[in-house]
Each structure stands twice: as C-alpha cells, then as structure tokens.
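S.K.: If you want my numbering, it's the position in the sequence shown, counting the first as 1, plus 1032.
One structure follows; several queries about it will come next.
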Amino acid sequence: MTATALVTGAGRGIGRAVAERLADEGIAVALLGRSPSSVADVHADLTRSGARATAVVADVTDPRAVSRAVREAEAALGPLDLVVNNAGLIDAKEVPFWEADFAQWWDVVETNLRGPANIDRAVLPGMVARRHGRIVNLGSGFAVGPDPHYSAYSVSKGALMRLTDTIAAPLAEHGVYVFDISPGAVATDMTAAMDMFEGKTDWYDIDLFLDAVVAVAHGRLDALSGRFLHAGKDDLGALAARAAELAESDARRLHLRPYGPDDPQR
1033 MTATALVTGA
1043 GRGIGRAVAE
1053 RLADEGIAVA
1063 LLGRSPSSVA
1073 DVHADLTRSG
1083 ARATAVVADV
1093 TDPRAVSRAV
1103 REAEAALGPL
1113 DLVVNNAGLI
1123 DAKEVPFWEA
1133 DFAQWWDVVE
1143 TNLRGPANID
1153 RAVLPGMVAR
1163 RHGRIVNLGS
1173 GFAVGPDPHY
1183 SAYSVSKGAL
1193 MRLTDTIAAP
1203 LAEHGVYVFD
1213 ISPGAVATDM
1223 TAAMDMFEGK
1233 TDWYDIDLFL
1243 DAVVAVAHGR
1253 LDALSGRFLH
1263 AGKDDLGALA
1273 ARAAELAESD
1283 ARRLHLRPYG
1293 PDDPQR
C-alpha cells in the first residue's frame, strides 16, 4: 500500500498535477521544489483541501540538499513509499550540439540525470530495508528517438532510461520497483515554449500519465519494472498482462540491434 510520496518539481506543470492526483488518492505528498516559493501555492491548496502535504526544498543536483529534503519529508510524513522524479529542464534553444550554450547544456543533463540519481540514492536504502517502494523516473520518447536540436535533453533521458534498466532487476529482489514512463507531449509551460511545438493543439492527455502513476502507486505495474512505458500511447494494462512474455526479451529496453546472426554483439 502506498501511503506517502515525494514529487520533485512539484510546483507547476506535470509535477503539480501528479501531486494533486496522488493527494486525491489519499496519499500524503511531499512537494519538492528549488525554493520555498516554488511549491508554496500547491502546498497551500493541498492543505486547504484536507490533504496531508509537506513542502521541502532542494536543488536536485545537490546530493546533500536532496538527502536533507528526504529526511525532512520522512520526518513529516513517514517513510516514503513512492517517488516521482519529475524535475527537469529542456535545451534553451533548438540548435546543434556544437552551437549550444555548453553551460546550459550541462545544466539540462545534470538536472535530468543527476537529479533523479541523487533522489534515488537518498530514498533507496530505506526502501530496500523495508522491502517496499516504487520510483517513477519521468521518461521521454527523445531517449529512443533523439532530436539533434535537443541534444542535452535526448542524452539525459537516454541515460536516465539506462539507469532505470540497470537498477531494476536487483531492486526487484528487494521488493522495490522502478519505472521509466513518458507522459508524451502534454501542454505545460516548458513544452509550450519549445519551438518544435509552436501552434500544436493535439497534446497528449495528462490524465493518461496521472493514471499510470496511480497504477504504479497501487502496484498494478510492478511486472513492468525497468521497461520503457509511454503513457500517451501504451495500453498499460495489456502490457502488464504480457509481462512474462516481455521478460523473455529485450522489449522496451535499450539495446543494440544486431546486423545479422554473425554479429559478435548479438
């Protein structure tokens, strides 16, 4: 049973929507933001509605700040059952890698990869010890179909998918499950500001992603731990029903495609 959750980047967009939906499910929510003001509004709204919520502050790229925020969240709400790694950045401009502002390029990679890694390192010892926990890493189709104009985002999400894949099997032995789930292109301030989406009207329904997070929270997708899932496209219930079949293959995992039966990497 999921009683408590931590959501990063919870002040707006997908993070806020996730926090609100989890609270509607009766789950106590720790709202993590980079500053007190970034999560103040959602914290006030949730507490006014009677939800159990607490606000914690950290730059997710700072491991000490993350560890402190996790301790504060657990002191307020109890041991964390679920983490949703939502905090993220996108490339500032649609330019090739060699023309990008390199400092901003690394900010994107650090936020999108080091951030979840720091959070996971802070929560996993407790989850493993309790033999209970679930983590959702916010994935992206850019990880498997990279866009050269968004090289930092593509690289960071590809690496995050590999992190999910790498840690999933040993964690499952301890009753902990980790997921890489893409919401697809949903209408947020971040996506609306991307040149490639200018004039876009056919956004994915954010409720599909929220339903996926709730399914994770209730343990309905545990058999798909470590696999890439796309909330906007997949029938997650049907995929879960095929979990045994998927387990026998590299389906929805990063891997090299062999050039033929004699490929030494086959």
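Where is the CB? At the ideal position from N, CA and C, for every residue including glycine.
Here the structure is a predicted model, which means the values were calculated and not measured.
Give the range of the alpha helix (DSSP H) segment to which residue 1199 is assigned.
M.R.: That run of the alpha helix (DSSP H) goes 1183-1204.
S.K.: Relative to the C-alpha of residue 1112, which candidate in 1127, 1167, 1284 has its C-alpha closest?
M.R.: Among 1127, 1167, 1284, the Cα nearest to that of residue 1112 is on 1167.
S.K.: What are the start and end residues of the beta strand (DSSP E) that includes residue 1058?
M.R.: Segment: none, residue 1058 is in no beta strand (DSSP E) and carries neither H nor E.
S.K.: Take residue 1250 as the anchor and find which of 1269, 1265, 1264 has the nearest alpha-carbon.
M.R.: The shortest Cα separation from residue 1250 among 1269, 1265, 1264 belongs to 1269.
S.K.: Could you give the residue range of the alpha helix (DSSP H) that holds residue 1132?
M.R.: Unbroken run through residue 1132: none, as it is neither H nor E.
S.K.: What three-state label does DSSP hand residue 1279 in the structure shown?
M.R.: Helix, per DSSP.
S.K.: If you draw a straight line from the C-alpha of residue 1137 to the C-alpha of residue 1093, how long is it?
M.R.: The alpha-carbon atoms of residue 1137 and residue 1093 are separated by roughly 14 Å.
S.K.: Do residue 1035 and residue 1061 have their CB atoms nearer than 8 Å?
M.R.: Contact: no.
S.K.: Quick one: Cα of residue 1253 to Cα of residue 1042, how far?
M.R.: Roughly 23 Å separates the two Cα atoms.
S.K.: Under 8 Å, with one C-beta from each stretch per pair, do the stretch 1276-1293 and the stretch 1236-1245 reach the 3-pair mark?
M.R.: Flag = no, the stretch 1276-1293 and the stretch 1236-1245 do not touch.
S.K.: Return the chain-ordered list of same chain residues with a C-beta closer than 7 Å to the C-beta of residue 1162, the five sequence neighbours on each side being excluded.
M.R.: Around residue 1162: 1111.
S.K.: So residue 1144 and residue 1188 are supposed to be a Cβ contact under 8 Å. How far apart are they, rounded?
M.R.: Sure, about 4 Å apart at Cβ, within 8 Å.
S.K.: Where does residue 1212 fall in DSSP's three states?
M.R.: The answer is strand: DSSP assigns residue 1212 an E or B state.
S.K.: State the Cα-Cα distance for the pair residue 1081 and residue 1045, rounded to the nearest angstrom.
M.R.: Using only the alpha carbons, I get a separation of about 19 Å.
S.K.: Suppose the cutoff is 7 Å on Cβ atoms and the five residues either side in sequence are ignored; what does the same chain contact list for residue 1193 look like?
M.R.: Taken in chain order, the residues that qualify are 1171, 1175, 1212, 1260, 1286.
S.K.: In angstroms with no decimal places, state the Cα-to-Cα distance between residue 1123 and residue 1295.
M.R.: If you take the alpha carbons of residue 1123 and residue 1295, they lie about 36 Å apart.
S.K.: Out of 1256, 1076, 1255, which one is the CA nearest neighbour of residue 1052?
M.R.: The residue with the shortest Cα to Cα distance from residue 1052 is 1076.
S.K.: Determine the closest residue to residue 1255 out of 1244, 1204, 1245, 1215, with distance taken between C-alpha atoms.
M.R.: If we check each option's Cα against that of residue 1255, 1204 comes out closest.
S.K.: Can you list, in chain order, the residues of its chain with a C-beta nearer than 8 Å to that of residue 1155? Leave out the 5 residues immediately preceding and following it.
M.R.: 1038, 1102, 1112, 1115, 1165, 1167.
S.K.: Considering residue 1150, what are the terminal residues of the alpha helix (DSSP H) in which it resides?
M.R.: Per DSSP, residue 1150 belongs to the alpha helix (DSSP H) from 1147-1162.
S.K.: What residue range is occupied by the uninterrupted beta strand (DSSP E) comprising residue 1075?
M.R.: Run containing residue 1075: none in the beta strand (DSSP E); it sits in the alpha helix (DSSP H), 1068-1080.
S.K.: Name the residue from 1148, 1276, 1248, 1182 whose alpha carbon lies nearest to the alpha carbon of residue 1195.
M.R.: When each option's Cα is compared against that of residue 1195, the closest is 1148.
S.K.: Buried or exposed: which applies to residue 1033, given that a residue is buried once 16 or more other Cβ atoms fall within 10 Å of its Cβ?
M.R.: When all chains shown are included, residue 1033 counts as exposed.
S.K.: By the 10 Å Cβ neighbour count, where 16 or more other Cβ atoms means buried, how is residue 1215 classified, buried or exposed?
M.R.: Flag for residue 1215 reads buried.
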